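One line per chain: the protein sequences are X and W, in this order.
Just so we're aligned, residue 220 is where the first sequence starts under the numbering used here, counting upward by one.
Just so we're aligned, residue 538 is where the second sequence starts under the numbering used here, counting upward by one.
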Amino acid sequence: MLWIALYLSALPLQLAQRGTKDERPLVISDGPANRPLVLCANPSARDLGVKPGMTAAAARALAGELIVLPRNPNHEAQALHNLAAWAYQFTPGVVVHGPDGLLLDVAAALKLHQGLPNLLVRLRREMLELGYHAACGVAPTPGAAWLFAKARHTGRAVRTCTDHAALADRLTDIPLDLFDWPQELLSKLAALGVRRIGQCLALPRDGFTQRFGKAPLLELDRALGAVPDPRPCFTPPEKFSSHAEFGFEVNDALALLFPLKRLLKELEGFLRGRGAGVQQWHLALEQSGRRATRITLGVVAPERNAERLLGLARERLARTQLMAPVLALRVEADEFFAYDERSQSWLPDPQQTTQGWHYLIDKLASRLGEDKVSRLQSVDDHRPERSWRRTAAAGPKAQPLPLLQAPRPLWLLRTPRTLLTRNGQPLCQGQLRLIAGPERIESGWWDGRPVGRDYFVARNPHGETLWIYREHRHSDAWYLHGLFA
Amino acid sequence: MGQPLEDILRHPAIWRVGQLAQDSRQGIASGYAPLDRVLPGHGWPRGALTEILANQEGVGELSLLTPVLRRQSDEAKGMALIAPPYVPCARAWEARGIRLDRMLVIEAEGSSLLWAAEQALRSGACGMVVIWACRTQTALTYRALQRLHLAAGKGEALCFLYRPAHAASAPSPAPLRLSLSSEDGRLALKIIKRRGALLPAAVCIAPFPVHWRDTAAAMDAMVPAGAAQPVALRLPKLGTPAH
């Protein structure tokens, strides 16, 4: 067994700051509504003298333009849950620990990630990309890993411990106040002069249990690995929904890209954990005094690369008018599809070409609109205006139709244009000469749009070759229907 | 002293007056032998902008490109038509051997037309991009054309740009510029700019079936020169089923 503990200190503050690069003084308040206390403060607030524990009013007096955000435990729990789903890509053994930590059982995943150092580097780097920073602790038991992570956060030099035999020795110096034990218990122990795990273990076990109860000793034994420490494993959720709050108003749609990138990185990790990709995802912009603006973005083939999804969202946001300032951003996805991971290759790869093609289509569609990018498909109908249709830009190949032998122009007019006539002869920038035809097209009596036309190829004095027809019924009316371009 | 000069003259960007530039890269055959003979590289230049200037529609301006479109679709490469002026008639394109499942039709105008063209060219996923800029209101500046040219170079794509004939006097970074006109049912191509000596005479190609021209010639022969009254067309009697 080998566990990595991730301790997210001051999680509420991290959550408030991950949506923005803004460095304004900011504190998170907690406690009764009529007398909120500062729970944690960001560096620029601390520079102004704001300290955790003081009242929010006192903090405001110290720092003029202080942003005070109330703590929201639901958001914290949700964020930790999302982070657990993201960590699921590294190992299936993910445990949510308390309100601000994750434990990863990585023993079985070390080979996949080419060793513990590589895995730790990757974890740290990718968490920074999400906008989180965590203290890591590594130990053969989850309890010890958690203690190491907290110890590292308090500034202690803690080396990773992978060997079970060395664990007891390493734990000796860890202070007891890193346990989440009641303050009363800690002060009693301190009164005895017992401040470290080593000292605590030196006490007689029976006496310790009689005085302080079973729970503390059990926790110590679990950390040492003397007693099994079963942990409930995290089950990834069926849907993805992640949220970033700004704490102030954002007026420019493109300024949303920074937090969006973090949320999409989270989505990418979530999808990696499931081996899946999305074809559709939603972006909700929560605005002041209005219902959230919901934007649905789609791709033609399952995708999970955050950079690509961001590239498409950028095009889409560039043509989005914000009706009101945005306060928060939410990314949601609920339908997942199998995703083929591509391998890096320097040989031309037909699959990669297809992916480039799909990405091009997505990019064009997100900027121009989906109806502006299409493909043509021929339809088995003799009526020229019904012999084609638009289809989605990416899709399966159509069944080929037998080739037509009769002349058809490369360009069709959207609607046939009436031609002037002189003495019954059609005119189009001069007298038309008929050079081929007629071809009779008589069809469609069954669907209410019957046509009965004689088509001719005609040329005008400028040398332009046209496709014209006349109706059976009104034989003197001529129409231009296409151009032999 | 003579040797270094010879070396310099062998550089692909240098040609002598009266010669065609020896393009180091083979062009893509246009499908029209008389045209290939006068193009540097004996075909359409790959990774470069080619301008086609024409005021007329229906003279074979698109048939000029159907052989190369067909070739691209045979090689399963992506193609993009940007802002086509009319609806492409799917059956006619297929009859010319062009498969439509890898051909995007993109509606755009103004600056988004140029953006879409650049994206398609730059992506490397498109082997060929055809742009119609005849109706767009935005003026195509030299800078915009240069962007297209560079994007075509990056994506190694063929890029054709249709423009009105009066654009011939405007400077352009395109290495190949053609002006089109109709000449007795055939398409006359005048090369305004190419890498090589200027070609005074137009090259004629026949984009349409030969018998159409014959019919036209036959009809011409029937029309007396200077006839005041238009000669009646030989229309088949109404109601006669032709098919």
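All C-beta atoms, glycine included, are put in the ideal place defined by N, C-alpha and C.
Please read all numbers here as calculations on a predicted model, not as lab measurements.
Delimiting residues of the alpha helix (DSSP H) encompassing residue i
i	result
residue 652 of chain W	648 to 660
residue 683 of chain W	679 to 692
residue 635 of chain W	Here residue 635 of chain W belongs to no alpha helix (DSSP H), and DSSP marks it neither H nor E.
residue 702 of chain X	That residue, residue 702 of chain X, is in no alpha helix (DSSP H); its beta strand (DSSP E) goes 697 to 702.
residue 430 of chain X	424 to 431
residue 575 of chain W	570 to 575
residue 294 of chain X	292 to 306
residue 386 of chain X	386 to 390
residue 417 of chain X	416 to 421
Assigned exposure category for residue i - 16 Cβ within 10 Å defines buried
i	result
residue 757 of chain W	Below a pLDDT of 50, predicted positions are generally treated as unreliable, and residue 757 of chain W, at 45, falls in that range; the measurement from the model is reported next regardless. The residue is exposed, with fewer than 16 neighbouring Cβ atoms inside 10 Å.
residue 452 of chain X	exposed
residue 337 of chain X	exposed
residue 581 of chain X	buried
residue 644 of chain X	buried
residue 541 of chain W	exposed
residue 640 of chain W	buried
residue 682 of chain W	buried
residue 648 of chain W	exposed
residue 631 of chain W	buried
residue 748 of chain W	exposed
residue 755 of chain W	Confidence is the limiting factor: at residue 755 of chain W the pLDDT is only 46, short of 50, which leaves the residue's position unreliable, though a coordinate-based value still follows. Residue 755 of chain W comes out exposed.
residue 682 of chain X	buried
residue 327 of chain X	exposed
residue 703 of chain W	exposed
residue 369 of chain X	buried
residue 340 of chain X	exposed
residue 546 of chain W	exposed
residue 686 of chain W	buried
residue 731 of chain W	buried
residue 753 of chain W	Only weak support is given to the placement of residue 753 of chain W: the predicted model assigns it a pLDDT of 47, under 50, and the question is left unresolved by the model.
residue 542 of chain X	exposed
residue 551 of chain W	exposed
residue 558 of chain X	buried
Presumed contact (8 Å Cβ cut-off) between residue i and residue j, rounded CB distance
i	j	result
residue 712 of chain W	residue 622 of chain W	Not really, about 25 Å apart at Cβ, beyond 8 Å.
residue 334 of chain X	residue 323 of chain X	No, residue 334 of chain X and residue 323 of chain X are not in contact; Cβ-Cβ is about 15 Å, not under 8 Å.
residue 655 of chain X	residue 675 of chain X	7 Å
residue 441 of chain X	residue 362 of chain X	5 Å
residue 595 of chain W	residue 684 of chain X	5 Å
residue 466 of chain X	residue 286 of chain X	5 Å
residue 692 of chain W	residue 733 of chain W	With a Cβ gap of about 25 Å, residue 692 of chain W and residue 733 of chain W do not count as contacting.
residue 272 of chain X	residue 288 of chain X	Not quite, the Cβ-Cβ distance comes to about 17 Å (not below 8 Å), so this is no contact.
residue 643 of chain W	residue 587 of chain X	7 Å
Element boundaries [beta strand (DSSP E), containing residue i]
i	result
residue 727 of chain W	723 to 730
residue 320 of chain X	320 to 324
residue 367 of chain X	No beta strand (DSSP E) holds residue 367 of chain X; the alpha helix (DSSP H) holding it covers 361 to 372.
residue 567 of chain W	Segment: none, residue 567 of chain W is in no beta strand (DSSP E) and carries neither H nor E.
Those residues which DSSP pairs with residue i across a bridge
i	result
residue 716 of chain W	W:590, W:727
residue 598 of chain X	Looking at the DSSP assignment, residue 598 of chain X forms no beta bridge with any residue, so it has no partner.
residue 555 of chain X	X:497
residue 315 of chain X	X:321
residue 505 of chain X	X:547
residue 644 of chain X	X:641
residue 626 of chain X	In the DSSP output, where bridge partners are listed per residue, residue 626 of chain X has none listed.
Collapsed DSSP secondary structure at residue i in the structure displayed
i	result
residue 623 of chain W	coil
residue 283 of chain X	coil
residue 521 of chain X	strand
residue 657 of chain X	strand
residue 601 of chain W	coil
residue 464 of chain X	strand
residue 378 of chain X	coil
residue 348 of chain X	helix
residue 757 of chain W	Only weak support exists for where residue 757 of chain W lies, its pLDDT of 45 falling under 50; the value from the coordinates is given anyway. Reduced to three states, the DSSP call for residue 757 of chain W is helix.
residue 664 of chain W	strand
residue 637 of chain X	strand
residue 700 of chain W	strand
residue 662 of chain X	strand
residue 671 of chain W	coil
residue 644 of chain W	coil
residue 576 of chain X	helix
residue 774 of chain W	Low confidence applies to residue 774 of chain W: its pLDDT is 44, below 50, so where it sits in the model is not reliable enough to give any reading.
residue 394 of chain X	strand
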